[in-house]
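Residue numbers (the working numbering): 14 to 436. Report on the structure given below.
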């Protein structure tokens with residue numbers, strides 16, 4: 014293990030570029046080889062695609078019927094509309110863009126580790142480059158990859174090697190965090206978490222973290238303000254997206270099992286007339302059920318956590334891509350399982366060994382945050398994607414604890430190698 018550690022430490026930054034280039038070529042080949050005809054008609058990717066086309070046509074953010082909508086946050090459809098305007102209205106362009114973003118994301122994970130814990134940057138980068146889910150998302154045009162790139166960019170600015178964030182970095186970091194919320198609403202509570210981290214690691218004065226939190230909040234809501242104002246003016250409610258109640262009802266109803274399920278026509282029946290009112294009614298129904306059935310809800314929370322954390326990140330390969338991959342789907346699933354069989358125990362070890370380390374605490378809080386969000390809605394390996402960079406960082410810390418071999422472990426190893434005295 015020490016030989017492997019010294020080999021990794023001798024790698025120069027130039028080797029990082031070679032690894033990124035090889036992973037980029039592999040992702041491009043994977044994206045380019047996907048038959049477009051296999052795209053399911055009810056996928057989120059197709060909804061994003063349709064919204065982007067209508068934006069590109071100048072019709073605005075409208076549903077297929079032509080009515081204004083807020084069914085999804087507008088960030089990813091707007092990104093696709095910009096991409097289609099530059100490259101043409103090609104579904105393939107969205108897949109290739111995800112390949113580029115996934116490669117950038119692997120580099121950002123390595124950069125984050127290099128800023129936070131330089132000695133563990135190389136194993137973190139290697140784990141990020143081999144991350145199976147980052148390849149799986151190169152064959153579906155979903156928003157997770159763009160979201161994670163924006164999230165990591167904001168965190169690099171907020172914590173550039175130290176918890177005490179420079180003032181000049183806060184406005185740009187807050188704006189990136191706000192843009193990530195326009196891609197996926199999971200970022201809405203992140204400014205609060207960052208503020209708590211600042212307060213937790215403050216000096217004697219509490220004035221500085223409070224002022225930093227105020228500046229972060231203002232820069233965070235600046236990109237959101239036009240979209241929320243538009244929804245309040247046109248739809249009658251300042252909602253980030255109107256799928257919140259629908260997703261909440263999926264995970265909190267008598268038939269809920271912790272994962273995604275298709276609601277029946279009776280369950281979707283509503284007396285409300287407009288999109289925002291229907292969304293709020295669905296949310297109220299889910300909340301009432303959770304409040305009245307606490308024991309079932311506790312079981313659902315455990316099921317949601319399990320479905321999110323299970324080691325099966327290539328669900329896209331087993332789904333509508335399974336027929337295309339054919340026999341290749343089995344080794345890919347085996348590789349994904351082995352990868353997580355290595356990374357998840359190392360992450361748990363890193364969580365324990367580095368529990369007094371600032372960056373371990375931040376990584377743990379962020380990983381737990383993204384898992385807990387899904388415990389309110391419904392679980393699925395897709396939704397673990399934003400948490401996995403922080404699990405990889407924790408796994409690198411776990412790897413480092415094995416390499417360093419703390420005193421009790423070192424003594425145990427030395428005793429095991431000592432020759433036994435004859436009786």
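Note that CB positions come from ideal geometry on N, CA and C, so glycine has one too.
Here's the rule: buried if 16 or more other CB atoms are within 10 angstroms of the residue's CB, otherwise exposed. What is residue i?
| i | result |
| --- | --- |
| residue 135 | buried |
| residue 242 | exposed |
| residue 40 | buried |
| residue 395 | buried |
| residue 383 | buried |
| residue 356 | buried |
| residue 401 | buried |
| residue 86 | buried |
| residue 258 | buried |
| residue 511 | Residue 511 is absent from the structure shown; the chain starts at 14 and stops at 436. |
| residue 211 | buried |
| residue 430 | Because the pLDDT at residue 430 is just 43, under 50, the model does not fix this residue reliably, and the point stays unresolved. |
| residue 168 | buried |
| residue 114 | buried |
| residue 108 | buried |
Would you mind reading off the limits of the alpha helix (DSSP H) that contains residue i?
| i | result |
| --- | --- |
| residue 251 | From DSSP, residue 251 is part of no alpha helix (DSSP H); its letter is neither H nor E. |
| residue 130 | No alpha helix (DSSP H) contains residue 130, which DSSP labels as neither H nor E. |
| residue 307 | 307-322 |
| residue 381 | 371-389 |
| residue 157 | 157-171 |
| residue 95 | 88-100 |
| residue 264 | 257-264 |
| residue 396 | It is not in any alpha helix (DSSP H) - residue 396 carries neither H nor E in the DSSP assignment. |
| residue 142 | 134-142 |
Kindly indicate which residue of the options has the alpha-carbon position closest to the one of residue i.
| i | options | result |
| --- | --- | --- |
| residue 79 | 67, 185 and 47 | 67 |
| residue 59 | 221, 93, 222 and 190 | 93 |
| residue 162 | 293, 186 and 96 | 186 |
| residue 180 | 155, 193 and 224 | 224 |
| residue 175 | 379, 375 and 303 | 375 |
| residue 354 | 404, 309, 192 and 158 | 404 |
| residue 387 | 117, 74 and 321 | 321 |
| residue 380 | 370, 360 and 389 | 360 |
| residue 252 | 212, 293 and 146 | 293 |
| residue 295 | 276, 212 and 312 | 276 |
| residue 100 | 69, 145, 389 and 310 | 69 |
| residue 315 | 368, 36 and 390 | 390 |
| residue 56 | 30, 108 and 153 | 153 |
| residue 244 | 43, 133 and 75 | 75 |
| residue 105 | 146, 202, 120 and 42 | 42 |
| residue 149 | 170, 169 and 116 | 116 |
| residue 263 | 192, 237, 114 and 303 | 303 |
| residue 305 | 133, 274, 265 and 146 | 265 |
Have a look at residue i and residue j and give me their C-alpha separation to the nearest angstrom.
| i | j | result |
| --- | --- | --- |
| residue 281 | residue 77 | 20 Å |
| residue 496 | residue 137 | Residue 496 falls outside the range modelled here, since the chain spans only 14 to 436, and no answer is possible. |
| residue 377 | residue 363 | 10 Å |
| residue 372 | residue 130 | 8 Å |
| residue 32 | residue 142 | 7 Å |
| residue 249 | residue 289 | 7 Å |
| residue 208 | residue 227 | 9 Å |
| residue 172 | residue 285 | 45 Å |
| residue 240 | residue 155 | 21 Å |
| residue 164 | residue 183 | 14 Å |
| residue 128 | residue 291 | 45 Å |
| residue 410 | residue 45 | 35 Å |
| residue 123 | residue 407 | 13 Å |
| residue 64 | residue 349 | 32 Å |
| residue 393 | residue 177 | 35 Å |
| residue 139 | residue 287 | 49 Å |
| residue 28 | residue 103 | 34 Å |
| residue 190 | residue 220 | 23 Å |
| residue 346 | residue 246 | 47 Å |
| residue 330 | residue 414 | With a pLDDT of only 48 at residue 330, under 50, the local geometry of the prediction cannot be trusted, and no value is derived from it. |
| residue 110 | residue 166 | 17 Å |
| residue 367 | residue 385 | 22 Å |
| residue 255 | residue 90 | 15 Å |
| residue 420 | residue 412 | Note that residue 420 has pLDDT 47, beneath the 50 cutoff, so the model's placement of it is unreliable and no number is given. |
| residue 36 | residue 318 | 30 Å |
| residue 236 | residue 98 | 22 Å |
Cβ of residue i versus every heavy atom of the ligand PLP: is any distance shorter than 7 Å?
| i | result |
| --- | --- |
| residue 186 | Because no ligand of any kind appears in the structure shown, any question about the ligand PLP cannot be addressed here. |
Problem set entry | Inter-stretch contact (C-beta, 8 Å, three-pair minimum) for the stretch 268-282 and the stretch 229-239 | no
Exercise. Would you say the stretch 186-196 touches the stretch 152-160, given that touching needs at least three Cβ pairs under 8 Å?
Worked result: yes
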